[in-house]
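Notes for the one structure printed next.
Protein chains in written order, with my numbering: chain Z, 278 to 387; chain C, 16 to 131.
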């Protein structure tokens with residue numbers, strides 16, 4: 278099965294950089310995804326790492342290290358609108374089951 | 016930009032009643048999913064659907080749940096006899112998923128179900 282862990286809350290100020298970690302225990306997966314969810318909203322796709330290393334998409338970057346069972350989402354130049362919950366997720370090598378982590382609530386302060 | 020749509024946005028029902036939640040996935044997508052999210056908790060996978068059949072389901076997706084693609088556009092989740100603990104936000108999602116080097120699911124806005 279798959280099990281993912283994330284910090285429950287992170288707080289940072291506008292303009293800062295924040296890293297949200299995701300550690301996992303899984304029997305095998307295709308890649309690590311990150312989703313953003315604002316209160317009352319739907320999850321929206323941010324980034325996906327199929328291979329080890331860093332993927333950069335604008336202010337957001339995501340990193341995966343399969344050997345360390347670890348990944349992170351890096352948010353730069355934080356803006357107030359980045360205040361949301363962030364979920365890592367994996368899909369098992371078998372089947373279509375997509376497992377989300379517990380989510381990290383990011384609060385960006387002025 | 017194409018998007019996943021869901022109806023209704025809110026549904027209130029009495030315990031024991033049947034509800035049908037509707038979704039219109041993005042038109043060229045092949046894989047469809049239902050998730051639920053109890054207030055304040057993580058998103059939980061319910062079921063995935065491909066080629067007109069269920070491809071995977073979680074332990075949450077028991078006999079009271081069913082999915083259907085009645086026509087070329089709609090994808091429905093039916094809960095036969097609702098229980099109080101079924102109260103949650105239900106999200107539909109779709110993906111092209113033809114290449115496992117990419118992994119993007121597009122989520123609908125959700126249906127908030129309240130069982131009284």
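Ideal Cβ placement from N, Cα and C applies to all residues, glycine included.
Treat the numbers as computed from the prediction; the structure is a model and nothing was measured.
Does the Cβ-Cβ distance between residue i and residue j come in under 8 Å?
| i | j | result |
| --- | --- | --- |
| residue 33 of chain C | residue 121 of chain C | no |
| residue 46 of chain C | residue 60 of chain C | no |
| residue 27 of chain C | residue 131 of chain C | yes |
| residue 324 of chain Z | residue 306 of chain Z | no |
| residue 48 of chain C | residue 107 of chain C | yes |
| residue 385 of chain Z | residue 281 of chain Z | no |
Note down, in chain order, every chain C residue with its Cβ under 9 Å from the Cβ of residue i.
| i | result |
| --- | --- |
| residue 288 of chain Z | Within chain C, no residue comes near residue 288 of chain Z; the closest Cβ sits about 18 Å away, beyond 9 Å. |
Given a threshold of 16 other Cβ atoms within 10 Å of its Cβ, counted over all protein chains shown, does residue i qualify as buried or as exposed?
| i | result |
| --- | --- |
| residue 313 of chain Z | buried |
| residue 104 of chain C | buried |
| residue 356 of chain Z | exposed |
| residue 328 of chain Z | exposed |
| residue 317 of chain Z | exposed |
| residue 78 of chain C | exposed |
How would you list, in chain order, the residues of chain Z whose beta-carbon sits under 7 Å from the beta-carbon of residue i?
| i | result |
| --- | --- |
| residue 73 of chain C | 374 |
| residue 124 of chain C | 319 |
Taking residue i as part of the beta strand (DSSP E), name the residues at either end of that continuous run.
| i | result |
| --- | --- |
| residue 370 of chain Z | Premise fails: residue 370 of chain Z is in no beta strand (DSSP E) and is neither H nor E. |
| residue 290 of chain Z | 286-290 |
| residue 41 of chain C | Segment: none, residue 41 of chain C is in no beta strand (DSSP E) and carries neither H nor E. |
| residue 317 of chain Z | Here residue 317 of chain Z belongs to no beta strand (DSSP E), and DSSP marks it neither H nor E. |
| residue 127 of chain C | 126-130 |
| residue 28 of chain C | 25-28 |
| residue 333 of chain Z | 330-334 |
Identify the contact partners of residue i in chain C, using a Cβ-Cβ distance below 7 Å as the criterion.
| i | result |
| --- | --- |
| residue 368 of chain Z | 118 |
| residue 378 of chain Z | 57 |
| residue 340 of chain Z | The premise fails here: residue 340 of chain Z is roughly 16 Å from chain C at the closest Cβ pair, so nothing lies under 7 Å. |
Does the count of Cβ pairs from the stretch 84-98 of chain C and the stretch 30-44 of chain C closer than 8 Å reach three?
yes
With three or more C-beta pairs closer than 8 Å as the rule, is the stretch 340-354 of chain Z touching the stretch 297-306 of chain Z?
yes
Any contact of the stretch 352-370 of chain Z with the stretch 282-300 of chain Z, i.e. 3+ C-beta pairs under 8 Å?
yes
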